[in-house]
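Asker: Can you read through this structure? Questions will come right after.
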Amino acid sequence: MSKFDPEHADHLDSKERRERLAPDDIFSLLDIEKNDAVLDFGAGTGFLTFPISERLTVGKVYAVDVQEEMLEKLRKKCQEDGCGNIEVLLNEEGSIPIQDDEIDKAFLINVLHEIDDEATFEELYRVIKEDGKMCVVDWDKEGETSHGPPASERFSLEEAIELLERYGFAPIKSYKNLDHFFVSLQK
Ligand SMILES: C[S@@+](CC[C@H](N)C(=O)[O-])C[C@H]1O[C@@H](n2cnc3c(N)ncnc32)[C@H](O)[C@@H]1O
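Counted the way numbering that gives the first Met the number 0 counts, the sequence shown spans residues 0 to 186.
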């Protein structure tokens, strides 16, 4: 499946997107404790990395992405805004450079439809702690929209849950809103 084009990165941080996909709505599905170790997988330019970072006092957020060009933009923001508790990590497809059972909460925002290998899901399972949780938000195949990836590349909420269950995750809460689905899962 195709990867997000870094040339369109500005859109990820637009005010309009932040209204439609408010970080507070995402956190209402999976809240963060101040000492959590959090993974923002497919972090891009840090749309959710910075709101996560603000909620942590002693915890840490790992911003992981497979495209260096996206991480460069995230690092630039870090230099401007400061990012003491953010660790920026470039990964290779199918691997996550984090040790076993390190992560309390993982977030995948508009990334699921870009993952095209089984190893990534096994890696997510490996790095999340035994009682850890994951939150997945993505374009809904059944949602009405004039932009975003084509329907052929998207999942429905039910398909996403079925896929993640195959890798050991159990759904906790889920809902659909406009053209996105939201689901929290337990390892
Ligand atoms: C549509 S962008 C979303 C970025 C960010 N999560 C947000 O919501 O603004 C998808 C991001 O996922 C990254 N990505 C896709 N497949 C990945 C993989 N297998 N491992 C890590 N990052 C991946 C892309 O490079 C891109 O930065």
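All C-beta atoms, glycine included, are put in the ideal place defined by N, C-alpha and C.
1) Ignoring anything shorter than 3 residues, give me the beta strand (DSSP E) runs that lie fully in the region 88 to 133, in order along the chain.
2) F154 by DSSP, collapsed to three states: which one?
3) Does the beta-carbon of Q185, which I'm using as the reference point, lie nearer than 6 Å to any heavy atom of ligand 2?
4) Going straight from the alpha carbon of E157 to that of D116, what length do you get?
5) Alpha carbons only, please: which of D137, D35 and D9 is nearest the one belonging to V60?
6) Grab the span of the alpha helix (DSSP H) containing H146 for me, first residue to last.
7) What do you get for H56, buried or exposed, if any count of 16 or more other CB atoms within 10 angstroms of its CB means buried?
8) Tell me where the alpha helix (DSSP H) around L177 begins and ends.
9) With distances taken from CA atoms, which of F40, I51 and F3 is nearest D24?
10) Is D64 near ligand 1, judged by its Cβ being under 6 Å from some heavy atom?
Answerer: So, from the data block:
1) 102 to 108
2) strand
3) Ligands present in the displayed structure are limited to ligand 1, and ligand 2 is not among them.
4) Note on geometry: alpha-carbon atoms of E157 and D116 lie some 19 Å from one another.
5) D35
6) Segment: none, H146 is in no alpha helix (DSSP H) and carries neither H nor E.
7) The displayed chain sequence assigns Thr, not His, to residue 56. Counting Cβ neighbours within 10 Å, T56 comes out exposed, since fewer than 16 surround it.
8) No alpha helix (DSSP H) holds L177; DSSP gives it neither H nor E.
9) I51
10) yes
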